[in-house]
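Numbers given in the numbering used here equal positions in the sequence shown, counted from 1, plus 122. Cβ coordinates follow ideal geometry from the N, Cα and C atoms, glycine included. Computed from a predicted model, the values in this text were never measured in an experiment. Reviewing the structure listed below.
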Amino acid sequence: MLAPRSRVTPPFVLAAVVALVAVWALAALALGNPILPVPWVVAEAFAREWSGLWEHVLYSAYRVVLSIIIAVILAAPAGMAVGQAPMVDRIASPLIYLIYPVPKIVLLPIIMLFLGVGEASKIFIISLILYFQILVLTRDAAYAVRPELILSVRSLGARRRHLLRYVYFPAVLPSILSSLRITSGTAIAVLFFTETFATHNGLGYFIIVQSWGRVDYPAMYAGIVAMAALGLSLYAVIEFLDRRFCAWVQAGV
């Protein structure tokens with residue numbers, strides 16, 4: 123039996139936020155430098171900039187959510203195929219071994235040459251980075267399905283599609299969601315990088331060009347808070363999906 127996963131409840135999240143804000147405020151007061159404004163000054167800047175900031179939030183959310191959806195749609199079936207078919211595994215594993223460790227972000231200039239500097243290149247590079255992380259965890263989960271479980275289901279007359287639906291997919295779903303929890307922060311980081319040049323919208327653009335570029339530190343921190351909130355929202359959605367569709371893992375079954 124697996125150990126049940128601990129749940130992070132809203133009161134503990136709120137307590138953590140209060141603690142972080144308190145540390146931030148103490149550090150800002152101790153430093154006494156405009157490069158680290160106190161939280162309430164940032165809150166004022168957030169409210170002041172919100173009329174234009176919300177559009178940047180929507181652009182960033184669109185890019186990262188679409189990238190995650192594309193990566194899951196492409197990587198999950200590929201991971202199951204590699205993990206359950208020894209012949210496919212023998213062909214694909216050396217390629218994964220060679221490609222996975224390569225930092226995909228270095229390919230961004232090449233991708234921009236082929237796809238341009240618009241939305242396609244940004245979404246492609248984020249999806250590419252997430253793809254291999256999801257692929258590897260999904261492959262390992264499919265490979266770990268016990269043979270006796272497959273044989274027992276086959277003995278009941280299950281066909282290939284039944285194995286995929288009732289055995290492999292439930293087995294790999296927790297790994298898919300776990301990989302998304304791990305890669306959500308990576309997706310936000312890559313999103314920020316891709317939005318710092320050759321664009322006129324997104325939180326990365328707002329933070330670097332519209333705020334840091336004009337030495338408006340409170341607005342810069344407001345953008346950072348908005349990007350952190352976007353990442354936290356993604357993580358919370360993935361946690362909800364995990365509790366909703368992988369209840370047996372939460373219970374430690």
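- Judged by DSSP in its simplified three-state form, residue 138 adopts helix.
- For the set 325, 218, 308, 291, the Cα lying nearest the Cα of residue 367 is the one of 291.
- Contact between the stretch 148-167 and the stretch 304-316 is not established, with fewer than three Cβ pairs separated by less than 8 Å.
- Residue environment analysis places residue 284 among the exposed positions, since fewer than 16 neighbouring C-beta atoms fall within 10 angstroms of its C-beta.
- Going by beta carbons, residue 193 and residue 265 fall outside the 8 Å limit.
- Relative to residue 206, the option among 172, 229, 293 whose CA is nearest is 293.
- Comparing C-alpha distances from residue 348 to each of 181, 155, 137 shows the shortest one belongs to 181.
- Residue burial annotation: residue 271 is exposed, with fewer than 16 other C-beta atoms found within 10 angstroms of its C-beta.
- Residue 237 and residue 243 have their C-alpha atoms spaced approximately 5 Å apart.
- Distances from the alpha-carbon of residue 306 to those of 352, 331, 247, 325 put 352 closest.
- Unbroken alpha helix (DSSP H) runs of no fewer than 4 residues, entirely contained in the stretch 248-290, are found at 269-277, 282-285, following chain order.
- The count of Cβ pairs closer than 8 Å, one atom from the stretch 244-251 and one from the stretch 183-191, reaches three, so the stretches are in contact.
- Per DSSP, residue 366 is one residue of the alpha helix (DSSP H) stretching across 339-367.
- Sequence-distant partners of residue 320 (beyond 5 residues in either direction) whose C-beta falls short of 7 Å from its own C-beta, in its chain, are 239.
- Looking from the CA of residue 169, the closest CA among 369, 364, 342, 359 belongs to 342.
- In the displayed model, residue 232 falls within a helix according to three-state DSSP.
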